[in-house]
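Comments concern the structure below.
Residue numbers (full-length UniProt numbering), protein chains in the order written: chain Z, 1 to 282; chain V, 1 to 121.
Spelled out as structure tokens, the structure:
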């Protein structure tokens, strides 16, 4: 199916207006695949016909469905592994000491898609019950896609999804087989909650996150939107909190609010904190 | 280069798995059933075996039990790769000495991570 440039531009505009995300090249070539299911479901013959319906405003709910279909929900448990090792090795032991008095941790998984990242984090805590006994762990997963958040809340995964990233022992320990799929165990669900949220808007209430993960999301934003997202993310962090980005994403040249943590590669801290630490060393 | 023996009676599955494993820089050999796989292991022990469950002549489970009984010092890692996807089969495989378990269908990412988890990738 040939997609005209004008159709492609209209879809790009719609996606950007609703989410701030750009229709990057790798998304453009998969437009047809992304929208195929929706076209069949609505009995629409082509993308150009879909654009006509959208432009004429005949079906207001359709625009939301199109945006949902265009979003990239690729994720899996413990995606890329190394970031989780970094958290386990550096950030969590440090926080276990720093927050020993309050025994409370807040983590925000921003752009969590269907929930695998928040549940992976929950698994890390659940697998060390003695260490975290008596702690209140609050893991918030947010995504701009309502459909993704609904799936995340359900915490039920297909056979294909549940084994992506998990070892078999971990899978059978933390997921139970149900007629609907593999359901996350109560121990994983308890510390995790989800909400629909756009990164470009004010951070979720009440903020004050010790760790913010925002991986493989900012690459879909243009420079201006990315800067705004960094502002939002940094305003959600506690002064000594950490931000983790996806592999290949950085704060360098993108924002003045954050800087690389010299102690731990892959983590970012608030710029003011880094200056304070430098002054203490001096 | 690590070596992997694919044991599956389906030529199509062997072809798909071979393609994935070669992109992961494995040297790949194939066997069509458990007996053939056992003979291969006697001649040359691979680093990892990707093992189907239901096969003619000798099943994956029979192969695994015999392989583990022989007690070679250079025992390979064994990753079951099967359409048997219920808890009873998974537990039986782990008890018999499987190191990991992949349920078909799977993709490159899934297989890659499983091979990393058993320490061969």
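Yeah, the Cβ is synthetic: ideal placement off N, Cα and C, and Gly gets one too.
Straight across, the Cα-Cα distance linking residue 50 of chain V with residue 101 of chain Z is about 49 Å.
For the stretch 160–187 of chain Z, the beta-carbon criterion of a distance under 7 Å to any beta-carbon of chain V is satisfied by 160, 163, 164, 165, 167, 168, 172 and 177. Counting only the Cα atoms, residue 85 of chain Z lies some 22 Å from residue 218 of chain Z. Per DSSP, the unbroken beta strand (DSSP E) holding residue 80 of chain V starts and ends at 77–82. Between residue 100 of chain V and residue 79 of chain V, the beta carbon gap of about 4 Å places them in contact (Cβ cut-off 8 Å). Here the C-alpha atom of residue 260 of chain Z lies approximately 29 Å from the C-alpha atom of residue 117 of chain V. Taking 8 Å as the CB threshold, residue 76 of chain Z lines the interface with chain V.
Straight-line spacing of the CA atoms in residue 263 of chain Z and residue 163 of chain Z works out to 33 Å. Residue 44 of chain Z carries a coil assignment under DSSP once its states are collapsed to helix, strand and coil. Think of a sphere of 9 Å around the beta carbon of residue 105 of chain V: the chain Z residues whose beta carbon falls inside it are 159 and 160, in chain order.
Ranked by Cα distance from residue 253 of chain Z, the options Z:236, Z:267, Z:265 and Z:223 are led by Z:223. Under the three-state reduction of DSSP output, residue 27 of chain V falls in the strand class. Taken in chain order, the complete beta strand (DSSP E) segments of 3 residues or longer contained in the stretch 108–152 of chain Z are 136–143. Around the beta carbon of residue 19 of chain V, a 10 Å sphere encloses fewer than 16 other beta carbons of the protein chains shown; the residue is thus reported as exposed. Distance check between residue 110 of chain Z and each of Z:4, Z:198, Z:160 and Z:6 places Z:198 closest, using alpha-carbon atoms only. Just so you know, the alpha carbons of residue 107 of chain V and residue 22 of chain V end up roughly 14 Å apart. Against residue 30 of chain V, chain Z offers no close residue; the least beta-carbon distance is about 23 Å (beta-carbon pairs closer than 8 Å). For residue 99 of chain Z, no beta strand (DSSP E) segment is defined, and its DSSP state is neither H nor E.
Chain Z places a beta carbon closer than 8 Å to that of residue 94 of chain V, counting this residue as a contact. Residue nearest to residue 178 of chain Z within the set Z:190, Z:196 and Z:158 is Z:158 (criterion: CA-CA distance).
Fully contained in the UniProt domain "Response regulatory" (3–119) of chain V are the following alpha helix (DSSP H) runs of length 4 or more, in chain order: 11–23, 34–43, 60–69, 87–95 and 108–117.
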